[in-house]
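A.B. asks:
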Ligand code: ADP
């Protein structure tokens with residue numbers, strides 16, 4: 001092997017330099033190390049295994065679950081003059097035989113294969129006798145039950161690798177970075193002392209905005225009107241909500257498509273193609289839409305609801321601005337979104353352990369929404385990528401609101417919780433602080449507490465926001481209690497709460513006053 005990666009990048013791809021992270025990953029692979037690379041959607045993963053494929057002697061097998069993406073990749077490689085083929089359920093018998101023949105005759109440098117085809121005896125028999133330099137596993141999170149897209153067929157991968165005469169370099173790529181998923185990938189795929197890279201999560205060209213809005217509909221209509229000539233996606237949590245937003249926009253003659261799991265395959269395909277080909281500008285969708293979509297000119301992503309986790313959120317906004325041009329992401333948040341997501345966790349996940357993990361992720365998403373620090377920094381740190389400066393391009397950085405001292409109000413909340421003795425949910429705490437005559441409050445004798453009614457000046461909604469903000473800043477903890485009739489969160493004091501009470505620390509928040517970022 002004496003071809004330099006950079007020469008390959010110039011020669012075949014026509015790019016002048018590697019992106020952040022790509023070069024280190026490629027060097028590791030060429031030095032025959034197993035690799036786990038965690039890179040965001042659009043970060044440039046394919047080059048990380050394709051360039052080594054061309055540097056190394058022998059064949060690279062790429063395992064990928066996405067049939068449409070596979071075809072695009074193989075077409076692109078062939079256009080560049082690289083011999084690549086694919087094996088998946090879209091092939092006819094004769095096409096399949098032709099690919100096997102090409103492999104047999106050493107006419108193939110890169111083979112894309114769907115995981116469910118890995119146990120085909122014909123394929124295994126031919127491939128066993130060949131020099132396989134690398135097995136690259138795309139969307140490697142699919143091997144993990146903790147990931148958002150578990151696929152049983154991914155379990156075949158280690159078995160397949162074991163059947164090869166010589167163990168190749170095994171490389172795994174994903175955009176999902178949680179610890180559980182990471183550990184599963186390393187263990188289940190049996191990566192040998194992998195070099196782990198978490199890289200390139202920052203998408204500088206995306207401005208990240210979170211708006212706490214009670215009038216989402218109006219906001220959306222205004223937003224669409226101001227961006228109607230640009231391609232954009234509106235994500236909503238439920239099919240029902242997608243339908244209602246879609247109808248509303250269609251009625252107003254906007255160029256709009258929809259996508260969710262309740263539509264027929266044909267309808268989904270047609271809407272998706274219309275959107276990708278720019279025949280339709282706006283896509284309204286649930287999170288079922290987007291995996292494997294490589295549309296470069298999506299200029300905005302509007303979240304009508306808060307997603308279930310920071311992973312989901314970042315993956316979804318990551319579909320904007322793949323061409324590198326400035327793009328805008330706006331999340332419209334209302335407290336009702338949390339209930340919807342809890343409901344979806346409750347009905348969507350059976351395994352109690354997974355449920356607990358998902359509730360934790362949901363809480364981290366909620367904390368992000370209420371936090372006052374740079375959103376980009378918080379998100380990148382969440383993914384394990386160090387990012388120290390403020391980005392000056394998110395709605396927190398651009399928030400020109402005053403910093404206000406909320407220590408006294410925080411003390412009122414904390415001492416009320418302390419006096420209530422047992423753990424209660426936010427609603428009960430709010431009732432006591434606002435002096436509600438609710439039967440439960442009176443039955444428990446909370447109207448005799450000195451903190452009863454001391455925060456009457458707050459509206460119900462504002463007090464809820466305030467308590468959530470205290471939680472997101474770590475001044476209070478939320479404990480999710482999973483019971484037979486669903487889950488309910490209760491609020492607990494922690495060390496920080498006690499410090500607030502003892503006047504050891506101050507509670508200071510910035511008020512929301514956001515200027516436009518774009
Ligand atoms: P992913 O698989 O991580 O979602 P891709 O591999 O499809 O991302 O890459 C996303 C886009 O970025 C593609 O259009 C690709 O050609 C481009 N790209 C990747 N690496 C580079 C680079 N070093 N220089 C310029 N463009 C790049």
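Numbering (the UniProt record's numbering), first residue to last: 1 to 518.
Glycine included, each C-beta is placed from N, C-alpha and C at the ideal position.
Since this is a predicted model, take the numbers as computed values, not measurements.
What do you reckon, is the C-beta of residue 19 under 6 angstroms from a heavy atom of the ligand ADP?
C.D. replies: Look at residue 19: its beta carbon is less than 6 angstroms from one of the heavy atoms in the ligand ADP.
A.B. asks: Does residue 257 come out as helix, strand or coil in the three-state DSSP assignment?
C.D. replies: strand
A.B. asks: Quick check: what's the CA-CA separation for residue 15 versus residue 146?
C.D. replies: 36 angstroms
A.B. asks: Between residue 520 and the rest of its own chain, which residues show a CB-CB distance below 6 angstroms, the 5 nearest in sequence each way excluded?
C.D. replies: In the structure displayed, the chain extends from 1 to 518; residue 520 sits before or after that span and is not available.
A.B. asks: Can we count residue 549 as close to the ligand ADP, meaning its CB is less than 6 angstroms from some heavy atom?
C.D. replies: With the chain covering 1 to 518 only, the question about residue 549 has no answer from this structure.
A.B. asks: How would you write the range of the alpha helix (DSSP H) that residue 46 sits in, first residue to last?
C.D. replies: 45-55
A.B. asks: For residue 481, which residues does DSSP report across the bridge?
C.D. replies: 488
A.B. asks: Among the candidates 81, 31, 203, whose CA atom is the shortest distance from the CA of residue 376?
C.D. replies: 203
A.B. asks: Can you confirm whether the region 452-460 touches the region 432-440 when touching is taken to mean that 3 or more C-beta pairs between the two stretches lie within less than 8 angstroms?
C.D. replies: Touching, per the Cβ criterion.
A.B. asks: Taking 7 angstroms as the CB-CB cut-off, is residue 306 touching chain D?
C.D. replies: You won't find chain D in this structure, because it holds only one protein chain.
A.B. asks: Whole angstroms is fine: what's the gap from residue 473's alpha carbon to residue 334's?
C.D. replies: 18 angstroms
A.B. asks: Can you tell me which of 123, 61, 209, 101 puts its alpha carbon nearest to the alpha carbon of residue 392?
C.D. replies: 209
A.B. asks: Given this structure, state the Cα-to-Cα distance separating residue 493 from residue 502, to the nearest angstrom.
C.D. replies: 13 angstroms
A.B. asks: Pull up the DSSP beta-bridge partners for residue 206, would you.
C.D. replies: 327
A.B. asks: Is DSSP giving residue 429 helix, strand or coil here?
C.D. replies: helix
A.B. asks: Thinking just about the alpha-carbon of each residue, which of 284, 330, 9 is nearest to the one in residue 247?
C.D. replies: 284
A.B. asks: Hey, which unbroken runs of the beta strand (DSSP E) at 3 residues or more fall wholly within the region 56-98?
C.D. replies: 59-63, 84-87
A.B. asks: Any idea what DSSP makes of residue 270, helix, strand or coil?
C.D. replies: Three-state DSSP puts residue 270 in a helix.
A.B. asks: So, using beta-carbon positions, are residue 114 and residue 62 closer together than 7 angstroms?
C.D. replies: no
A.B. asks: Determine the burial state of residue 7: buried for a count of at least 16 other Cβ atoms within 10 Å of its Cβ, exposed for fewer.
C.D. replies: exposed
A.B. asks: Distance check for residue 226 and residue 301, CA to CA, integer angstroms please.
C.D. replies: 13 angstroms
A.B. asks: Ignore the nearest five residues each way along the sequence and tell me which others in residue 406's own chain have a CB closer than 7 angstroms to its CB.
C.D. replies: 507, 508, 509
A.B. asks: Could you have a look at residue 364 and say whether DSSP puts it in helix, strand or coil?
C.D. replies: Three-state result, residue 364: helix.
A.B. asks: Taking the beta strand (DSSP E) that residue 227 falls in, what are its first and last residues?
C.D. replies: From DSSP, residue 227 is part of no beta strand (DSSP E); its letter is neither H nor E.
A.B. asks: Mind checking which residues open and close the alpha helix (DSSP H) that includes residue 173?
C.D. replies: Element bounds for residue 173: not the alpha helix (DSSP H) but the beta strand (DSSP E), 169-174.
A.B. asks: State yes or no: is the C-beta of residue 41 nearer than 6 angstroms to some heavy atom of the ligand ADP?
C.D. replies: When distances are taken from the beta-carbon of residue 41 to the heavy atoms of the ligand ADP, the shortest one is below 6 angstroms.
A.B. asks: Compute every distance between the C-beta of residue 12 and the non-hydrogen atoms of the ligand ADP, then say whether any falls below 6 angstroms.
C.D. replies: Because no heavy atom of the ligand ADP lies under 6 angstroms away, the Cβ of residue 12 does not count as near it: no.
A.B. asks: Short of 7 angstroms in beta carbon distance, which residues of its chain neighbour residue 318, apart from the five on each side in sequence? Order them along the chain.
C.D. replies: Once the five neighbours on either side are set aside, the close Cβ partners of residue 318 are 40, 41, 42, 203.
A.B. asks: Quick check on the burial criterion: 16 or more other C-beta atoms within 10 angstroms. Buried or exposed for residue 171?
C.D. replies: By the neighbour-count rule (16 or more Cβ atoms within 10 Å), residue 171 is buried.
A.B. asks: Give me the Cβ distance between residue 200 and residue 19, rounded to the nearest whole Å; I'm assuming they're in contact under 8 angstroms.
C.D. replies: 6 angstroms
A.B. asks: Could you check whether the Cβ of residue 425 sits closer than 6 angstroms to any heavy atom belonging to the ligand MN?
C.D. replies: Ligands in the displayed structure: the ligand ADP; the ligand MN is not one of them.
A.B. asks: Can you give me the C-alpha to C-alpha distance between residue 402 and residue 425, rounded to a whole angstrom?
C.D. replies: Going by the C-alpha atoms only, they are around 30 angstroms apart.
A.B. asks: Helix, strand or coil: which one does DSSP assign to residue 388?
C.D. replies: coil
A.B. asks: Residue 10 to residue 175, Cα distance in whole Å?
C.D. replies: 26 angstroms
A.B. asks: Since residue 15 is in the alpha helix (DSSP H), which residue starts that stretch and which ends it?
C.D. replies: Segment: none, residue 15 is in no alpha helix (DSSP H) and carries neither H nor E.
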